[in-house]
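Structure, as structure tokens:
There are 2 protein chains.
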Amino acid sequence: MKRTLLALVFSCVIPLTIWGESMNEPLNLMPVPESVVTQQGRFALSLTFTVGVAGFGGSRLRGAADRFLRRLDGRTGLFIAQETVGIWGTKDRPSLMITCQREGKLQLGEDESYRLEINPEGIELSAPTDLGVLHGLETLLQLLAADRDGYYFPCIRVDDRPRFPWRGVLFDVCRHFLPLEVIKRNLDGMAMVKMNVLHLHLSENQGFRIECKTFPKLHQLGSDGLYYTQDELRGLIAYAADRGIRVVPEFDIPGHSTSWLVGYPELASAPGPYTVERGYGIKDPTFNPILKQTYKFFDRFFAEMASLFPDAYMHIGGDEVNGKQWNDNPKIQEFMKKNGLKDNHLLQAYFNRKILRILEKHGKRMIGWDEIYQPDLPRSIVIHSWRGKEALVDAARRGFPVILSNGYYIDLNQPTDFHYLNDPVPGDSPLTAEERKLVLGGEATMWSEIVTAETVDSRVWPRTAAIAERLWSAGTVRDVDEMYRRLDVVDRQLEEAGLTHLKNREAMLRRLAGGGDAHPLRTLLGAIEPLTGYDRHKVGVTYTSFSPFTRMVDAAVADPRPAREFNRRVDRFLGGKDKGALAELKEPLARWKENYQSVQSLVEWSPVLKEVETLSEDLSAVAALGLEALDILTGKQKAGPSWIAEAKRLLERAGLQRGELELAILPALQKLVDAVAGK
Amino acid sequence: MKRTLLALVFSCVIPLTIWGESMNEPLNLMPVPESVVTQQGRFALSLTFTVGVAGFGGSRLRGAADRFLRRLDGRTGLFIAQETVGIWGTKDRPSLMITCQREGKLQLGEDESYRLEINPEGIELSAPTDLGVLHGLETLLQLLAADRDGYYFPCIRVDDRPRFPWRGVLFDVCRHFLPLEVIKRNLDGMAMVKMNVLHLHLSENQGFRIECKTFPKLHQLGSDGLYYTQDELRGLIAYAADRGIRVVPEFDIPGHSTSWLVGYPELASAPGPYTVERGYGIKDPTFNPILKQTYKFFDRFFAEMASLFPDAYMHIGGDEVNGKQWNDNPKIQEFMKKNGLKDNHLLQAYFNRKILRILEKHGKRMIGWDEIYQPDLPRSIVIHSWRGKEALVDAARRGFPVILSNGYYIDLNQPTDFHYLNDPVPGDSPLTAEERKLVLGGEATMWSEIVTAETVDSRVWPRTAAIAERLWSAGTVRDVDEMYRRLDVVDRQLEEAGLTHLKNREAMLRRLAGGGDAHPLRTLLGAIEPLTGYDRHKVGVTYTSFSPFTRMVDAAVADPRPAREFNRRVDRFLGGKDKGALAELKEPLARWKENYQSVQSLVEWSPVLKEVETLSEDLSAVAALGLEALDILTGKQKAGPSWIAEAKRLLERAGLQRGELELAILPALQKLVDAVAGK
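Residue numbers (the working numbering), protein chains in the order written: chain A, 154 to 832; chain B, 154 to 832.
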């Protein structure tokens, strides 16, 4: 077998835009592997493609190989002859030979490495565990390329393993319930980018989302009928396990607990009665930490949940206890005095220690949000950092294992590069080498106050793919432009998992257009984004569980591609690096300028669009301004001080939010106006 | 209250394009109600909209009213203050007052009528049963209109009831398993167009799709793990019942039964062993009708299923027994001789009578396909006609109740108007008035050989909405153009139910475009359709359960709107009725003519499109031909005999299928060429 190794050994400090000699396209691998060596040639895909397995071949591996075949024929339309991968160690050399040593354990730190080698004669995928095989198959599918002659895999050698062992997504299924199929398609998406932890936030003020046989009033009275049965949960855990993903449940206590107290008000720190919460924010209802029956309850509760969830970890939340019910309860105040608990934080630590003993009794390790951090807790517990990276550094220095979610709050509509550059252990981390090992990884958090099953995928994807890369790939992989290039490819491929982030946006626009042509709305969406952070709650609208989440702001996404590309081109244009940028700038500006009239006519029969009418008008105005600025900067037109003053007034007006949306192209326009002013 | 009744009383022989004086748009009701009287004025929708219930208000009604509120704010983006309809018989007059007498029974012939009256001051919906209320709420949502000032309901009075009591859709969940959520969203779609029977085809050669506790090898060995648990099924039945829909299960016996025999080969008419079938067509495996153990098996089996499914009817299939195993089995031949059963049909009748006794024992009425028809069976059984309307007429004349599916095979990609005009009791029916009463209604049948969960909605919708109208509305409602006008509106509204018929097509085109712009494929789809009938199985491709269903033919739909409109405009142009038609004809022709080049470049990186490349080329060529024909017909160009000869050659070539697709605009082009020739 002739094999010409190219000198182009991929190292993670170089952007991944590498071109093999035989390749028509750069590689679109996300996350970037540890090592990639491209070679000459290709392995051509045909109907006779076969998969064989040598060594260990359990049901997870076999299922993944079957799904691999189906995805391969789904993408290519080829009627691949092999239907199910049922033959092991065939004499005939299969097209793809999988070699695996053993079943991977679904536990922290298990070997997930793999090696993938594609030659013109065949493909070899080998891994110590089947978890590595799963990752290797995803890499292989990302490598599928094509030209007029057909589909092929470029010759390549990949050696790969993750940087962090804990790479998760939290789904809040409480504020808005997310049906099983939503979680399942997201598990498939997670597997595509090699994530391995599904964190289910199962209890909240707004809902208790799992059947509890010991205390059935939890789901019966606390869920509006929207919960997972234990059978469904078991099915979900098996589905995740088949994709190499652990399921870590969270039961958020002692705060965030209204829905528990609807059925069991006697456990609260104030008399009740309680009803399922419809509003958002921090609420008062809190478990009573001084009652024996509270701990009897949790002992029996966690006994049941510990047997339902196989994972070693149990997340107890522990965030945002406002202490109001504790302050107002004389018995609790008396108890604190008697036991020398000077403040509510120490009272919560007292509660946590008792809960910790219960979890340990049932064979679980405890994990909780920042607030559970308390120096005298044992170092077996994991601190989940959401408030800031200082908290993470503090905890790790004190010897606690930590995972990071601060900076990965994908519900807040921040741009992808913000999340991407948010490293759990940045190059300048103050942690020692030993302390760094305590940083286990991170989790994207999909809080669901203002998302529904219809919109949730568009908040998770594609941005979470960039977070997946941050947690899998080397810390030196930080090229934002290159990340966005690959993200655009992955974005589309994620639809293969059944994810609805692209198609539901189209459906929403069709609905919003009220029977008219949705295209002007699509154009508008390219230039606007939802307010970031918690600002959507601050501009006059009070959201509840029953609010409509079907408006333009719900269809809009963070850093939309057209705006992102426009902003980048303006930088190139002003930097003088790209003479061709001028035409590329004028095209979108002209489109945005013309768009207002079309949006305006849609409002005639779709008044739900009224709230974005002036935003669309301002987009048109600033686009016109941008075109003028380009003419001025290229000497075709002149600008006096009045032009500049007017431009500034316009940009200021255009900067106002409308319908909880704002223009995403203003930074670039500001730069153009500044350039005119500085001329 | 001033009320000006317009003289325009809607009668079903007039098309439904009626304009109330205060209305900006024609009504888009589908199915057409029995009686509609439009009035002046409107009821304006606002945040303070409330719903009240007088009389009976069970959980089905309350659930439907809650969903009504959510759909209303989902469409309008209004933060409607009322969250759940929990207050009954309020003193304050609610915006919508629902008056209902009793809970409807989910059984054949239950009262489903309702009256809806909208005045400027408020809306009244009254019905004898909550089933009528459900239908009335759907009518109300179809009436929601809007202009720049906001959303409103036009003043109107509707009195409505169905023509046929059995209005169903069959889902074959065997050839391709359809996950629960697929069925659920389709139930919502069915409810939107007032259908009331979900027929689940639960067993087939390719799969046994329900958990059976008595004979667990049925689902364990016969389903590839793809089946509904009984808990899931119970949940599905409850979900359907909440939407006024009965669930009729079908267990297809004695043929179509390979998957049963995998676990229980001793019940077959030939020794076995059996494996789950992957191919399609009529297969040999058949239950052995002469064994006592066969009937012991079915006695216990139907005992379990009868208690699981609450509906009065149990469908036993009974179609396409090829008799091969019976002919080849000497003991069966001997038995037939001894019992005077002259042919296999009589042997099957013997089997059916035994099964009938078992069903009756377990309190169920039998229904089966045409083949179970046998004059000496009791008139309690229902004949489900699939082979032809003669069979239906025969059975009804013999006194059997019948339902029609012949003509409603939505898997065969026939145009909507074909199904729409297919009346179970057409005006010229030879049946007497008494016999006509035996025609209970019909069912659209979604056989799933060549659909998957991704594509199935696009085969069911929107065409099934037209079938729903056929079964609900008067037989005199037959205006095809008017049907298509309303269908285009309903098509879009069906997305509200979560149906994926529109958005999955877009997703498939994105995938097929391989990262390129999918627009040329969308343009191509507007002019082509899948082969109809069983032709997709006849052109060289052998489908199995594992084939890819992701090609252009799977994204294409029957009578695509652009082609349909083009064909209609050509008729108007040639009929000389529409002088403005010329420009409207040139626009799509120019688009199709130019499209080929774009498709061609997509093939460069997406070879899955190769199979439609010459079809696209021919589309371009016939579009150019069409433009020339228009020029000739309007005197701008001249045509000699060679032009006509060449045109005929081109049309012939363009008529060939490619990729199981054909051009949908050829009939109109043929007419244009004929017009040139006849000039």
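Here a beta-carbon is modelled for each residue, glycine too, at the ideal position from N, C-alpha and C. Model, not experiment: these values are computed from the prediction.
For residue i, is the classification buried or exposed, using 16 other Cβ atoms within 10 angstroms of its Cβ as the cut-off for buried?
{"i": "A/M176", "result": "With a pLDDT of 43 at A/M176, under the threshold of 50, the predicted position of this residue should be treated as unreliable, though the coordinate-derived value follows. Answer is buried; the Cβ neighbour count reaches 16."}
{"i": "A/T676", "result": "buried"}
{"i": "A/V829", "result": "buried"}
{"i": "A/G370", "result": "First, the amino acid is wrong: residue 370 of chain A is Lys here, not Gly. Result: exposed."}
{"i": "A/E174", "result": "Per-residue confidence for A/E174 stands at a pLDDT of 38, beneath the threshold of 50, marking its modelled position as unreliable; no derived number is given."}
{"i": "B/N492", "result": "exposed"}
{"i": "B/Y687", "result": "exposed"}
{"i": "A/K347", "result": "buried"}
{"i": "B/T585", "result": "exposed"}
{"i": "B/I563", "result": "buried"}
{"i": "A/T629", "result": "exposed"}
{"i": "B/S533", "result": "exposed"}
{"i": "B/V692", "result": "exposed"}
{"i": "A/T569", "result": "buried"}
{"i": "B/P713", "result": "buried"}
Does the distance from the CB of residue i to the CB of residue j come in under 8 Å?
{"i": "B/L198", "j": "B/G303", "result": "yes"}
{"i": "A/S611", "j": "A/R551", "result": "no"}
{"i": "B/D707", "j": "B/M661", "result": "yes"}
{"i": "A/L387", "j": "A/D341", "result": "Contrary to the premise, residue 387 of chain A reads as Arg rather than Leu in this sequence. No, the Cβ-Cβ distance between A/R387 and A/D341 is not below 8 Å."}
{"i": "B/I785", "j": "B/K791", "result": "yes"}
{"i": "B/R195", "j": "B/P307", "result": "yes"}
{"i": "B/R645", "j": "A/P760", "result": "no"}
{"i": "A/L755", "j": "A/M705", "result": "no"}
{"i": "A/G150", "j": "A/W319", "result": "Only positions 154 to 832 of chain A appear in this structure, which leaves residue 150 of chain A out of reach."}
{"i": "B/G595", "j": "B/I556", "result": "yes"}
{"i": "A/I398", "j": "A/Y380", "result": "no"}
{"i": "B/N475", "j": "B/D523", "result": "no"}
{"i": "B/L780", "j": "B/L742", "result": "yes"}
{"i": "B/G510", "j": "B/Y466", "result": "For the record, residue 510 of chain B in the displayed sequence is Arg; it is not Gly. Result no, Cβ atoms of B/R510 and B/Y466 do not sit closer than 8 Å."}
So which residues of chain B does residue i contact, with C-beta pairs closer than 8 Å?
{"i": "A/D833", "result": "With chain A running from 154 to 832 in the structure shown, residue 833 of chain A is simply not present."}
{"i": "A/V429", "result": "What A/V429 touches in chain B: nothing, since even the nearest Cβ is about 11 Å away."}
{"i": "A/A660", "result": "E648, L655 and K656"}
{"i": "A/P332", "result": "E334"}
Could you name the residues of chain A that residue i contacts, counting a contact when the two beta carbons are closer than 9 Å?
{"i": "B/R228", "result": "R664, G667, P701, T703 and V761"}
{"i": "B/A465", "result": "Under the 9 Å cutoff, chain A gives no residues; its nearest Cβ is about 28 Å from B/A465."}
{"i": "B/F232", "result": "V694, T695, Y696, T697, F699, S700 and P701"}
What residues of chain A sit near residue i, judged by a beta carbon separation below 8 Å?
{"i": "B/N657", "result": "K656"}
Check the Cβ of residue i against every Cβ in chain A and list those closer than 7 Å, keeping chain order.
{"i": "B/R806", "result": "Going along chain A, no residue has its Cβ under 7 Å from B/R806, so there is no contact; the nearest lies around 23 Å."}
{"i": "B/R645", "result": "R663 and G668"}
Contact list for the segment 601-632 of chain B against chain A, Cβ threshold 7 Å: none
Across the segment 303-312 of chain A and the segment 183-191 of chain A, are there enough close Cβ pairs to call them in contact, namely three or more that are closer than 8 Å? yes
Assess contact between the segment 251-266 of chain B and the segment 208-228 of chain B, defined as three or more Cβ pairs (one per stretch) separated by less than 8 Å. Is contact present? yes
In chain order, what residues of the segment 734-756 of chain A put their CB closer than 7 Å to some CB of chain B? V756
In the segment 385-399 of chain A, which residues sit with their C-beta less than 8 Å from some C-beta in chain B, listed in chain order? none
Near-chain A residues of the segment 299-328 of chain B - C-beta to any C-beta below 8 Å: A299, D300, R301, D302, G303 and Y304
Taking 8 Å as the cut-off, does the segment 478-491 of chain A touch the segment 529-540 of chain A (at least 3 CB pairs, one atom from each stretch)? no
Can we say the segment 273-280 of chain A touches the segment 230-239 of chain A, given the rule of at least three CB pairs closer than 8 Å? no
Using 8 Å as the Cβ pair cut-off and three pairs as the minimum, do the segment 402-409 of chain B and the segment 723-735 of chain B touch? no
For the pair the segment 441-453 of chain B and the segment 417-433 of chain B, tell me if three or more CB-CB distances fall below 8 Å. yes
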